[in-house]
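Taking it in order: structure first as structure tokens, then the write-up.
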Amino acid sequence: MTRKYNLNHRLIACVLLISLFLQSCGGFQNHIVPQEKKQSNRTIELSDNSLVNTDKEILTSGDYLASFYEDKGELKANLRVDETQAEPNYKGVHALFDKGTDLVNLTKLDPTTQKNRIQLSRKNGTIDKVIILNGGAAG
Numbered sequence: 009m010t011r012k013y014n015l016n017h018r019l020i021a022c023v024l025l026i027s028l029f030l031q032s033c034g035g036f037q038n039h040i041v042p043q044e045k046k047q048s049n050r051t052i053e054l055s056d057n058s059l060v061n062t063d064k065e066i067l068t069s070g071d072y073l074a075s076f077y078e079d080k081g082e083l084k085a086n087l088r089v090d091e092t093q094a095e096p097n098y099k100g101v102h103a104l105f106d107k108g109t110d111l112v113n114l115t116k117l118d119p120t121t122q123k124n125r126i127q128l129s130r131k132n133g134t135i136d137k138v139i140i141l142n143g144g145a146a147g
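If you number the sequence shown the way the numbering used here does, the last residue is 147 and the count never jumps.
Okay, structure coming up:
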């Protein structure tokens, strides 16, 4: 004897079979195009021996000397061409840094490494951001 299944039973069987195959799919989080890495200008907690509380200036990629300070929880920088200048060329430039960046030990690095890790972003011919890279295995 043959048994005839109605449309509802077939539909339920198809839905169950499809859901079985789709269980391992991660949803819409698995993009083929890689996501762009974002820098952060998040509020930072600065300790007594941090980048901000030192009088030491750090060399940047554009051969500027950067001195950092905190303004309303954000890291900002003043940039000078050389140490003989009294006034900075750029004041209050926003400083962004990668997640996991060790700001405390940045002043202890040699000038070449500092220069490679601190990039300047230009917009319309002027410096608008100082970007501090993590310097990990990928950086």
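We put the CB at the ideal spot given by N, CA and C, even for glycine. As the structure is a prediction and not an experimental result, all values here were calculated from the model.
Can you give the beta carbon distance from V3 to K84, rounded, assuming they're within the 8 Å contact cut? The question about residue 3 has no answer, for the chain in this structure spans 9 to 147.
By DSSP, does Q122 sit in helix, in strand, or in coil? helix
When the distance is taken between beta carbons, is L141 closer than 8 Å to R125? yes
Round the Cβ separation of Y72 and R88 to the nearest angstrom and send it over; I've been treating them as touching at under 8 Å. 7 Å
Opposing strand residues paired with N86 [DSSP bridges]: S75
By DSSP, does S129 sit in helix, in strand, or in coil? strand
Is it buried or exposed, V23, if we count other Cβ atoms within 10 angstroms and call 16 or more buried? Exposed, because fewer than 16 other Cβ atoms sit within 10 Å of the Cβ of V23.
List the endpoints of the continuous alpha helix (DSSP H) containing L25. 15 to 29
Mind checking which residues open and close the beta strand (DSSP E) that includes V101? 98 to 105
Consult DSSP for T134 and reduce its assignment to one of helix, strand or coil. Three-state DSSP puts T134 in a strand.
For L15, is the classification buried or exposed, using 16 other Cβ atoms within 10 angstroms of its Cβ as the cut-off for buried? exposed
Buried versus exposed, by CB contacts within 10 Å (16 or more), I26: That one is exposed.
For T109, the nearest candidate out of K64, S69, I66, I139 (CA to CA): I139
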